[in-house]
Amino acid sequence: MTNDRCDLICIDAPRAEAIRGRLLDGETAYGAAERAKALSDPTRLTLAAALREADAEGGELCVCDLAWIAGRAQNLVSHHMRTLRSLGVVRSRRSGKMVMYSLTGEGLSLLGAVLDEAPRAKPAGTPVRGAMA
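Numbering (my numbering), first residue to last: 5 to 137.
Shown next as structure tokens:
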């Protein structure tokens, strides 16, 4: 097992202090961590990704569409969308009897940070590595 500690304590005080001064304060870090947790659930991540695709087309999605896209019950999707909205990841607006959702700028940035390094979805019919033929 490796030891991840320095054997000698020697701090580059000016550099360390400069970096420390540029870090987030506790309240800002807490808020950012809460927003990041919003995408830790696979269903919420899928819903946010669907909204990003809709945003690329210049549009929004209603709960009915999101439920169908994610393959989840509408009441479950509504619950997840409330969570995402309360954390500032999505915004909503009422259009008649429908509630339309879109990503906020912050939600789009957060989703990009999470997904842009992840592999993209494979087209339907593409074999999955390691799957039995």
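Every residue gets a Cβ at the ideal spot worked out from N, C-alpha and C, and that includes glycine.
Nearest-angstrom beta carbon gap, residue j and residue i [assumed within contact, 8 Å]
i	j	result
Met104	Ser96	7 Å
Glu38	Leu91	6 Å
Proximity to residue i [Cα-Cα], best of the options
i	options	result
Leu114	Val93, Gly100 and Leu27	Val93
Thr47	Arg86, Thr108, Thr32 and Glu61	Arg86
Ser99	His84, Val67 and Gln78	Val67
His84	Ala58, Gly109 and Ser44	Ser44
Val3	Thr108, Glu57, Ser82 and Ala40	Limits of the chain in this structure are 5 at one end and 137 at the other, which puts residue 3 out of reach.
Cβ-Cβ distance between residue i and residue j below 8 Å
i	j	result
Gly111	Ala52	yes
Glu64	Ser106	yes
Thr50	Ala74	yes
Classification of residue i by the beta-carbon crowding that lies within 10 angstroms, buried from 16 upward
i	result
Glu31	exposed
Ala42	buried
Leu55	buried
Leu28	exposed
Ala71	buried
Met136	Caution applies to Met136, whose pLDDT of 44 falls short of 50 and renders its modelled position unreliable; the value that the coordinates give is listed next. Flag for Met136 reads exposed.
Ala17	exposed
is_contact[residue i, chain B] using C-beta, thresh 8 Å
i	result
Trp72	This model lacks chain B altogether; it includes just one protein chain.
| request: Starting from the N-terminal side, write out each stretch of the alpha helix (DSSP H) that is 4 residues or longer and does not extend beyond the segment 17 to 46. | output: Fully enclosed alpha helix (DSSP H) runs of 4 or longer: 17 to 26 and 30 to 42.
| task | Tell me the start and end of each unbroken alpha helix (DSSP H) in the segment 46 to 129 that is at least 4 residues and wholly inside, in chain order. | result | 46 to 60, 67 to 74, 78 to 90 and 109 to 119
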